[in-house]
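K.L.:
Quick note, the sequences are listed as chains W and L, same order.
Using the working numbering, the first residue of the first sequence is number 4, and each one after it goes up by one.
Using the working numbering, the first residue of the second sequence is number 4, and each one after it goes up by one.
Don't be surprised by glycine CBs; every beta carbon is placed ideally from N, CA and C.
Protein chains: 2
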Amino acid sequence: MAQVPEWRFDPLTGRRVLISPDRADRPRAVGPACPFCEGHEAETPPEVLAYRDPGSVPNGPGWQVRVVPNRYAAVRTVEDLPEGYLPAPTDEAPWGRAYGIAEVFVESPTHETVFRNLSHAQATTAIRAWRNRLRYWRDDGRLMFAQVFKNEGSSAGASVEHCHSQLIGLPFVPPRVIEEFRFPDMHPCRFCSWTVNPRLDSRFVSETDMFVAQCPVAPRFPGETRIIPKQHSATFENASDDEATNLVHILFDVLRRIDHVFSNPDYNLIVRSAPFRHEANFHWWIDVMPRTATTAGWEWGTGLLINTMFPERAAELLRAA
Amino acid sequence: MAQVPEWRFDPLTGRRVLISPDRADRPRAVGPACPFCEGHEAETPPEVLAYRDPGSVPNGPGWQVRVVPNRYAAVRTVEDLPEGYLPAPTDEAPWGRAYGIAEVFVESPTHETVFRNLSHAQATTAIRAWRNRLRYWRDDGRLMFAQVFKNEGSSAGASVEHCHSQLIGLPFVPPRVIEEFRFPDMHPCRFCSWTVNPRLDSRFVSETDMFVAQCPVAPRFPGETRIIPKQHSATFENASDDEATNLVHILFDVLRRIDHVFSNPDYNLIVRSAPFRHEANFHWWIDVMPRTATTAGWEWGTGLLINTMFPERAAELLRAA
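1) Taking the runs of the beta strand (DSSP E) that are 3 residues or longer, which of them lie wholly in the segment 277-302 of chain L?
2) Which residue's Cα is closest to the Cα of Phe12 of chain L: W:Ala105, W:Val291, W:Arg316, W:Val220?
3) Among residues of its own chain, excluding the 5 on either side of Leu250 of chain L, which ones have a beta-carbon nearer than 7 Å to its beta-carbon?
4) In chain order, what residues of the segment 14-40 of chain L put their CB closer than 7 Å to some CB of chain W?
5) Since Asn154 of chain W sits in a beta bridge, which residues does DSSP pair it with?
6) Just mark Val163 of chain L as buried or exposed, buried being the case when its beta carbon has 16 or more other beta carbons within 10 Å.
7) I need the boundaries of the beta strand (DSSP E) containing Phe108 of chain L, first residue and last residue.
8) Could you say which of W:Arg19, W:Arg185, W:His263, W:Thr238 lies nearest to Ala96 of chain W if we only look at CA atoms?
9) What are the residues of the segment 218-242 of chain L that lie near chain W, defined by any Cβ-Cβ distance shorter than 7 Å?
10) At least one CB of chain L closer than 8 Å to the CB of Ile273 of chain W: is that the case?
11) Of the choices W:Ser205, W:Leu203, W:Arg179, W:Pro201, whose alpha-carbon is the least far from that of Pro278 of chain W?
12) Which residues does DSSP pair with Leu21 of chain W in a beta bridge?
13) Using the DSSP secondary-structure output, state which residues sit across from Arg55 of chain W in a beta bridge.
14) Do you know how far the Cα of Asn154 of chain W is from the Cα of Gly160 of chain W?
15) Exposed or buried, Leu21 of chain W, counting other C-beta atoms within 10 Å across all chains shown (16 or more means buried)?
16) Could you give the DSSP three-state label for Leu258 of chain L: helix, strand or coil?
17) Go to Ser196 of chain L, then tell me how far its alpha helix (DSSP H) extends in each direction, as first and last residue.
18) Taking the beta carbon of Ser111 of chain W as the centre, do at least 16 other beta carbons fall within 10 Å, making it buried, or is it exposed?
19) Here's a check: name, in chain order, each residue in its chain whose Cβ is nearer than 7 Å to the Cβ of Val264 of chain W, leaving out the five neighbours to either side.
20) Please return the same chain residues whose Cβ sits closer than 6 Å to the Cβ of Leu272 of chain W, not counting the five positions on each side in sequence.
21) Hey, is Trp159 of chain W's beta-carbon within less than 8 Å of any beta-carbon in chain L?
22) Name the chain L residues whose beta carbon is nearer than 8 Å to that of Asn200 of chain W?
23) I'd like to know if Thr311 of chain L contacts chain W, where contact means its C-beta is closer than 8 Å to some C-beta of that chain.
24) In the DSSP assignment, find the alpha helix (DSSP H) that holds Ile123 of chain L and state where it starts and stops.
25) Rounded to whole angstroms, what is the Cα-Cα separation between Leu137 of chain L and Ala149 of chain L?
26) The segment 111-134 of chain W: which residues have C-beta closer than 8 Å to a C-beta of chain L, in chain order?
27) Quick one, which of L:Trp98, L:His165, L:Ile230 has its alpha-carbon nearest Glu9 of chain L's?
28) Would you kindly work out how many angstroms separate the C-alpha atoms of Gln217 of chain L and Tyr270 of chain L, rounded to a whole number?
29) Taking 8 Å as the cut-off, does the segment 37-53 of chain L touch the segment 199-211 of chain W (at least 3 CB pairs, one atom from each stretch)?
30) By Cβ distance, which residues of its chain are closer than 8 Å to Met4 of chain W, with the 5 residues on each side in sequence left out?
31) Secondary structure at Leu173 of chain L, three-state DSSP: helix, strand or coil?
32) Closer than 8 Å, CB to CB, is Trp287 of chain W near chain L or not?
33) So Phe12 of chain W contacts chain L; which residues on that side make the cut at Cβ distance below 8 Å?
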């Protein structure tokens, strides 16, 4: 990595930003030159996990899902983490090197660009890979927090069109995550009360035997949908193989409904799981956030988002789709 | 307004979102059908302020800058504000009607789409209109906070291409603004110490006799620039006529530099001024935020922005432009 990424802290506003200049070099990969396609394994760093055909060799062809370190990582690898590192910038030390890990899940050997077009088996393998890499980093012990997310489409921030998702892990918990995690109203668990009879709610979208989809009460974008496991658990990485399989059903269902109602929008998918080793009083979920609107000066200036659709209306449209 | 806008509060994350369905009906106005062009005054609500040629009549042609209520306001007018209104949603009352004001500054009678192409006199009139409407609402007494902002270009959230800016005012102060406003490090004022010798700083961009432009220490986007008045004042609405004139000089200079370095990006401009009647320990500024990047799942999931350019590098490029 040519330039060391840094955390910056603005003492005038309290804002923390990660400056990661090497990410500006990442290619906009489309079409046959795609570094994620089978046969192009040499164009990524060596894999850290792969689901492979019997007899195939690491970093060669013959795989379903491959996990590799992000060549254009936003953070310097946690392998270099110095003893006694103070993780986030503070008022006393407003600049600081940024350590962590950044991995990419290549979700298909062929050049598929739409996640919900993957086979059910293929998507299940990808989701198990998310879980297994989260488990790996939880057990490693050096990170305090990691998040799995997917950006599909350029207006959702994807620079490579080949189906993929990402994991970024940090040796500290982001301040906003701490804030949300500490939010008092998870006790008794509202998700657990709500998933008992989800169809009674005007924001219900759909359900499977293990998951419920609803539009959240304060969605950021029209059509934003939350997928909640019926089984109480603080962390996604504790999900069973059956839950991973079942998650694909509800995820594909939700994505199909969103595509139908909102004309195939780009979207972000965010796995909201408790920070490592801080599981009390939390219930994991997934946000599916179609990028159906653009944030403007007001939102950036005040932090108050404006959404043009009531979640009850979005849910009604999604239910009918 | 067909549907009453509402504040929604998510008890699971603490997120507040304004749901404003009528905004979905706002037109994407381009070209000759533009409702903001001179001669089309009947297509907007009646003006609340206008800088007019002698002898011209309100809501007819013959003006330089016109201020009108936003036909697609995000909030229900403060005229309807009930006695004892609890302004923001809370855990006890997670839904609530959204009151406030939303006004549009039409910054040119002709169909100009690029703010920095306006004449200096024209832009000065627009900026004085910002100040005067903020003064009006401060003196009105019903609002606690108002923000002036500009969205230029569709990826910055503009739905009308004709040069315009906006003001949204609320009967409460947005939580994030309170947080930033309370930030302890404004005392002694860092801006005041910094503007004494601004060229010594590696993040200096340019200056006029009344303003300094710098890249902030933790910018959200490559090229983000902060314009700071040398004269200490908590609020933009106290700016003098001379400051309004001088502000155009530095604003046009900064916009020209950003256009040159970042190839005419869409941008947001945000006037950061103290909430009404809470001026202690604040120094107003303007954020110019070129939309040189797209936010993705990680940013939405954690609140931690990733910027691909160090502010020192951005300032170096902008200084050279």
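P.N.:
Considering the structure as presented:
1) Whole beta strand (DSSP E) segments, 3+ residues: 288-293.
2) W:Val220
3) Ile130, Phe214
4) Pro14, Leu15, Thr16, Gly17, Arg18, Arg19, Val20, Leu21, Ile22, Ser23, Pro24, Arg26, Ala27
5) W:Asn271
6) buried
7) It spans 102-109 - the beta strand (DSSP E) in which Phe108 of chain L sits, taken as one unbroken run.
8) When each option's Cα is compared against that of Ala96 of chain W, the closest is W:Arg19.
9) Pro219, Val220, Ala221, Pro222, Arg223
10) True, the Cβ-Cβ gap to chain L drops below 8 Å.
11) W:Arg179
12) W:Trp10, L:Ile309
13) W:Trp66
14) Near 6 Å, if we compare the C-alpha coordinates of Asn154 of chain W and Gly160 of chain W.
15) buried
16) helix
17) First-last of the alpha helix (DSSP H) with Ser196 of chain L: 193-198.
18) buried
19) Gly226, Leu320, Leu321, Ala324
20) Result list for Leu272 of chain W: Lys153, Val291, in chain order.
21) Here the sequence assigns Ala to residue 159 of chain W, which means Trp is not the residue at that position. Ala159 of chain W counts as touching chain L.
22) Near Asn200 of chain W there are no residues of chain L at all, since even the closest Cβ is about 18 Å away, more than 8 Å.
23) Yes, its Cβ sits closer than 8 Å to a Cβ of chain W.
24) Here residue 123 of chain L is His; the residue named in the question, Ile, does not match the sequence. Unbroken alpha helix (DSSP H) run through His123 of chain L: 123-143.
25) 7 Å
26) none
27) L:Trp98
28) Cα-Cα distance, rounded: 16 Å.
29) no
30) Low per-residue confidence applies at Met4 of chain W: pLDDT is 43, beneath 50, and the placement is therefore not dependable enough to give any value.
31) Reduced to three states, the DSSP call for Leu173 of chain L is strand.
32) no
33) Val220, Ala221
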